[in-house]
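Everything on this sheet refers to the single structure shown next.
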Amino acid sequence: MNAAFPALMPVYNRADICFERGEGAYLFDDKGQRYLDFVGGIAVAALGHAHPRLVQALKDQAEKLWIVGNVFRVHGTERLAQRLVDLTFADTVFFQNSGAEAWECCVKLIRKYFSAIGQPQRYRVITFQGCFHGRTLAGIAASKAEKMVGGFGPPMNGFDQVPWGDLDALRAAITPETAAIGIEPVLGEGGMKPASPEFLRALRALCDAEGLLLFFDEIQCGMGRTGKLFAHDWAGVTPDVMCIAKALGNGYPIGACLATAKAAQGMTMGTHGSTYGGNPLATAVGNAVLDVMEEPGFFETAQRRGAYLWRKLDELIARHPKVFTEHRGKGLMQGLRCVPTNTDVVEALRAEKLLVLSAGENVVRMLPPLIVTEAQIDEAVEIIDRVALKWTGA
């Protein structure tokens, strides 16, 4: 035992705040102080903290059954899979425990598809600069960011990368080994940049023309974050394979790989598995999340709240052009590009009891719950307004 080394591995730069409970859009620390939470576990708590429907679903399931393993059927898991199929392009679903696992499952499925159709030489996935696909060895290889790949040995082979939004570079990157194009319809970690509907449609057409699979990562931007169930719904295009997680469990760990029957044809018995994936607790919560999101008017309300936040942040930029230079995002996934260092802005806002995140390209990222009220948006903007004066000198 090394007393000089912390018991909790020091891979996070954790703020010196310990939260004890949450309620809706607010968190309360161990000193009783209240914070307005526009982080939500990084786009996870889409329905806010301690949502009574989700709490009850978890309690009810916890009193009945926690785990049986995937060698047996689980009614709740089958129900959640069928609901996701009914709501999306997909014909089939595999549940995992996290977004990173779901993304890896998608990559395996893509490779297995081309092997199954007699083209095993096609295994490479083209991604985009600024992407984030988790912290696994394959995920960091796909992102190619030095801060993630440094020190972990040779990056896993099989990923190429092109500039964000550059269709010509994308076409030039396709080789006889290319299997798929993978993209976040809205970049999260990479700077809160949505792909245009026209670009997503061009990707679909290119994949169809070249015999590639279109692979969407909606781990952060999915599950209502942009005002529709999935961000790609705005473009009217469908992928062949997609990974989701985060808000699917509103904080209970669950991820999913969704695919068409064609794309999943290589995933036969024994080709993949998960000890905890799709366990009764996780899928009970996932079903409860969909129960809430499928209620009439839910997404329309989220869209109105997103539009309200957009308007308020535009007004904020107009008042503080020396602090904020650009407004990005979609729905309730918005960011402000800063003149000061974004981490300084994040810390200043935290000191005023507003929780936000940093993102790429010096952006401050805001991910309020989809149930946020206009009054809470006003509260957040008032705090940002006040903090911005620190840099303007007013």
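Numbering (the numbering used here) for the sequence shown: 1390 to 1783.
By construction, the Cβ of each residue, glycine as well, lies at the ideal position given by its N, Cα and C atoms.
Contact set for TYR1502: own chain, Cβ-Cβ below 7 angstroms, skip 5 residues either direction: Around TYR1502: LEU1602, ALA1652, GLN1654, GLY1655.
How would you write the range of the alpha helix (DSSP H) that TYR1697 sits in, first residue to last? 1687-1708
State the CB to CB distance for the pair GLN1609 and TRP1553, rounded to an integer number of angstroms; the pair is presumed to be in contact (CB under 8 angstroms). That pair is no contact at about 16 angstroms.
Comparing alpha-carbon positions, which option in ILE1633, ILE1773, PRO1669, SER1747 lies nearest LYS1701? ILE1773
From the DSSP output, in three-state form, read off LEU1744 for me. Taken through DSSP and simplified to helix, strand or coil, LEU1744 comes out as strand.
Using 8 angstroms for Cβ pairs, my map puts VAL1575 next to GLY1718. What's the rounded Cβ distance? 7 angstroms
Mind checking THR1466: buried by the 16 CB within 10 Å criterion, or exposed? Counting Cβ neighbours within 10 Å, THR1466 comes out buried, since at least 16 surround it.
Is the number of C-beta pairs between the region 1747-1758 and the region 1420-1439 that are closer than 8 angstroms three or more? yes
With GLY1644 as the anchor, note down where its beta strand (DSSP E) starts and where it stops. 1644-1648
Length of the line joining the Cα atoms of ILE1706 and THR1714: 7 angstroms
Apply the 10 Å Cβ neighbour rule to GLY1611 and answer buried if 16 or more other Cβ atoms are within range, or exposed otherwise. The residue in question, GLY1611, is buried, as its Cβ has 16 or more Cβ neighbours within 10 Å.
Alpha-carbon to alpha-carbon, GLY1667 and PRO1441: If you take the alpha carbons of PRO1441 and GLY1667, they lie about 22 angstroms apart.
For VAL1482, three-class secondary structure by DSSP: Strand, per DSSP.
Counted within 10 angstroms of its Cβ, other Cβ atoms place HIS1438 as buried (16 or more) or exposed: Buried: at least 16 other Cβ atoms inside 10 Å.
For PHE1408 and GLU1741, what's the separation of their Cα atoms in angstroms? For the pair PHE1408 and GLU1741, the Cα-to-Cα distance works out to about 16 angstroms.
Boundaries (first-last residue) of the beta strand (DSSP E) holding GLN1450: That residue, GLN1450, is in no beta strand (DSSP E); its alpha helix (DSSP H) goes 1441-1451.
Just the C-alpha distance for ARG1513 and VAL1496, rounded to the nearest angstrom, thanks. Near 9 angstroms, if we compare the C-alpha coordinates of VAL1496 and ARG1513.
For PHE1605, which residues from the same chain have a beta carbon less than 7 angstroms from its beta carbon, with the 5 sequence-adjacent residues on both sides left out? ILE1572, PRO1574, HIS1621, PRO1628, MET1631
Determine the extent of the beta strand (DSSP E) in which PHE1548 is found, giving its start and end residues. 1548-1551
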